[in-house]
Amino acid sequence: MKLFARYSAFIYVKYFFIIFISLIGFYVVIDTLTNLKNLPSSANLQLIYVSLTALISINYVLPISIVLALIATMINLTRSNELVSFYALGISKNRLITPIFTITLLISFGYIGLCCTQFAYAKERQESLEDFQSFDRSTKWIFLRFENKFTYIEKLLGNKQLAQNVRIFDMNGSQIISQITAKEASYNGDTWILKDNNITQIPQNLSLGATGLERSYADEIVITNSFRPRIIENIENKDNLYSIIDAIDSINTLKNENINIAKIKSVLYSMIFFPLFAPFMVLILYYYMPVTGRFASLAIASFGAIFISLCIWGILFLLIRLSINGAIAAEIGIILPVIILMLFAGYQFYKHR
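See below:
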């Protein structure tokens, strides 16, 4: 890497971490003060709560930190006349921004990778500490339909991959064929293992003198399907919390079950495409920043860049919420704006080649 590239990248990374850590600290302080009454009594749990709050804040402050770091870098280089010196040495605009743009892409892809992990459920863990002061979570009274079966689960323990007091109704159209009542069910890989089962076969011929109910007992029943506990929890969860992997699994599992998956798609697209707005915004702002402070006010330029960035950031957040609520299609509210930014950034890069 050339010396100018290393220098500009170093300046950018320095400002990025300063802004990023500052915004996280601000978010954590405000959130902690707001929820002071709901904090757990244990000091260890309080520390965990603060850590989880910091993780949650990354979802909000990372994209804008990437953009604000670029603005701070450009103001620093312009005020010290280093930017115009780079251009005077024959370094083109595209060559100067390439290392910074590459760093922003790596940061954004790193965040997208984090969304494939349990990082995506940090808010759920935080709420568990507020409500129950523990990480154990459970979902009660679940009723769902899957593969022509209606299933009732009295209590689902997602962390332990267990379900308690399960009833499965096998249907033939509108007729109940059989019912399985299990005291406990555990999920292992792609199978549900039902234990301590009472099976009731219901006759289809209900005429007088016909065969009646047939009852039997089975110590263990194995049912193969891809309906994981996390997918069941997410269906019941109103916070729209998914990891990228769980969102993809949910879509693949539910797409043939006549269940509206538009909300899941919106959450998935927001995790994959929204973080990419920041690198493209960095590229666009770079070409409109003043080269020297002699012919433009750096204060006005920085204020305008920050104002435009915050407006676009807010509009994208609004479009994401509208997409999740079903007001507009996810492809229009989430993917299209990012594609527009990408095309405009690509045009600016091509224009200054």
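Residue numbers (this note's numbering): 964 to 1316.
We treat Cβ as the ideally placed atom computed from N, Cα and C, and that holds for glycine.
Looking from the CA of ALA1032, the closest CA among THR1255, ILE1275 and PHE979 belongs to PHE979.
Taking a C-beta distance under 8 Å as the contact criterion, LEU1015 and GLN1081 do not qualify as a contact pair.
The C-alpha of ILE1208 is placed about 34 Å away from the C-alpha of ILE1034. With a contact defined as Cβ atoms closer than 8 Å, ILE1247 and PHE1307 qualify at about 6 Å. Nearest to TYR1084 by alpha-carbon distance, out of ASP1202, ARG1058 and LEU1299, is ASP1202. With three or more CB-CB distances shorter than 8 Å, the segment 1298-1307 counts as touching the segment 1224-1237.
Taking GLN1124 as the centre and dropping the five residues before and after it, the same chain places the C-beta of SER1149, TYR1150, ASN1151 and PRO1192 closer than 8 Å to its C-beta, in chain order. For TYR1150, the three-state secondary structure derived from DSSP is strand.
By DSSP's assignment, ASP1133 forms a beta bridge with LYS1112 and SER1141. In the DSSP annotation of this structure, GLU1294 is not part of any beta strand (DSSP E), being labelled neither H nor E. Our two residues, GLU1177 and THR1163, have alpha carbons roughly 6 Å apart in a direct line. When the alpha-carbon of LYS1158 is set against those of ILE1227, LEU1304 and VAL1129, the nearest one is in VAL1129.
Here ALA1126 is bridged, per DSSP, to LEU1119 and ALA1148. Taking a 10 Å sphere around the C-beta of ASN1022, we find 16 or more other C-beta atoms and assign the residue as buried. DSSP places TYR1180 in the uninterrupted beta strand (DSSP E) bounded by 1177-1187.
The Cβ atoms of LEU1002 and TYR1012 lie closer than 8 Å to each other.
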